[in-house]
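S.K.: Structure incoming, see below.
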Amino acid sequence: MNLKNLFDMQRVLRDRIRYKKQDRFEKLILALIVECGECANEWRGFKFWSKNQKSRTEENATCTVCDGTGDLNYEMVQEDAEGNGNHEYIDCEVCDCSGVIDVRNPLLEEYVDKLHFILELGIEIADEIGFDVWEYFNGIEVQKKLQVAPTKTITGQFILVANYAAQLNYDDYYCELFAAYLNLGEMLGFTDEQIEQAYYTKNAVNHQRQKQGY
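Just so you know, my numbering puts 59 at position 65 of the sequence shown, and the rest follows in order with no gaps.
As C-alpha cells, then:
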C-alpha cells in the first residue's frame, strides 16, 4: 500500500474542504468513531440477536441515469399511472436496461471511509508538531509501534480502533490507531490492493461532492 500517496491525496482533499476552526481535530475523532460503528454494522458479526450475521460484501449499485428502472423515460411512469399519457419505454444503454451498473462492497466502502479520517488526523498531528507527515509516519519509532498485535476477535479489534481514536484527544496514539486499523482490514479479509483502490474510488467521489456543494 502506497501510504505516502494516500497522505498526499488526502491533503489535497483536506485543502479543498478548507475547514479551519479549532474544533476540527475533535470532530475528526468523532467522525472516525462514527465510521467505526457504520463499518461494524456492515460486518454484522456482533449482532448475536440476529440470525443474519453475514457481512454485506455484495450489493447492486443502481444506475443513476435511469434510476434503476432500465428506462430513460422513467419519469413518465407516474403520469401513465394517473392516466395522463402514453409511456414510451426508452432503453437505458448505460446499464443495458438492467437498472444495475455495478456490484459494490458496502463493508469495504465503510472500512475505507475510516481511512480518510485516519489519514486526515495524521496530517493534523504532523502539521502541529512541524513534521512532514510521511517523514513522521515513516520514522523508526513509528514503525515499531506499527507492530502492535491484533486482538483475538474482530469485535475486539473494532473496539480497539474506536478506543485508540477516542484517546487521540488526550495523547498521541496515532500510530497504534493506524496499526489497529490495518490489522482490522486484514481480519476482515481485505488486501492492501483492495483497500488502496477503494480509497482512490471514494476520494474521487468526495472531490465530486465538493464540486457539487455537498
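Note that CB positions come from ideal geometry on N, CA and C, so glycine has one too.
Could you tell me if ASP65 is buried or exposed, where buried requires 16 or more neighbouring beta carbons within 10 angstroms of its beta carbon?
M.R.: buried
S.K.: Just grab the DSSP bridge partners of ASN54 for me.
M.R.: VAL97
S.K.: For ARG98 and THR195, what's the separation of their Cα atoms in angstroms?
M.R.: The straight-line gap from Cα to Cα measures roughly 11 Å.
S.K.: Is ASP210 helix, strand or coil by DSSP?
M.R.: With the chain covering only -5 through 208, there is no way to say anything about residue 210.
S.K.: Quick check: the Cα distance between GLU170 and TYR83, rounded to an integer number of angstroms?
M.R.: So the two alpha carbons sit approximately 56 Å from each other.
S.K.: If you drop the 5 nearest sequence neighbours on each side, which residues of the same chain put their C-beta closer than 8 Å to that of GLU118?
M.R.: ARG18, PHE19, LEU22
S.K.: Going by DSSP, what residues sit across from ASP85 in a beta bridge?
M.R.: ASP65
S.K.: Assuming LEU0 is part of the alpha helix (DSSP H), what are its boundary residues?
M.R.: -3 to 11
S.K.: Find out if the Cβ-Cβ distance for the pair CYS89, CYS57 is shorter than 9 Å.
M.R.: Less than 9 Å separates the beta-carbon of CYS89 from that of CYS57.
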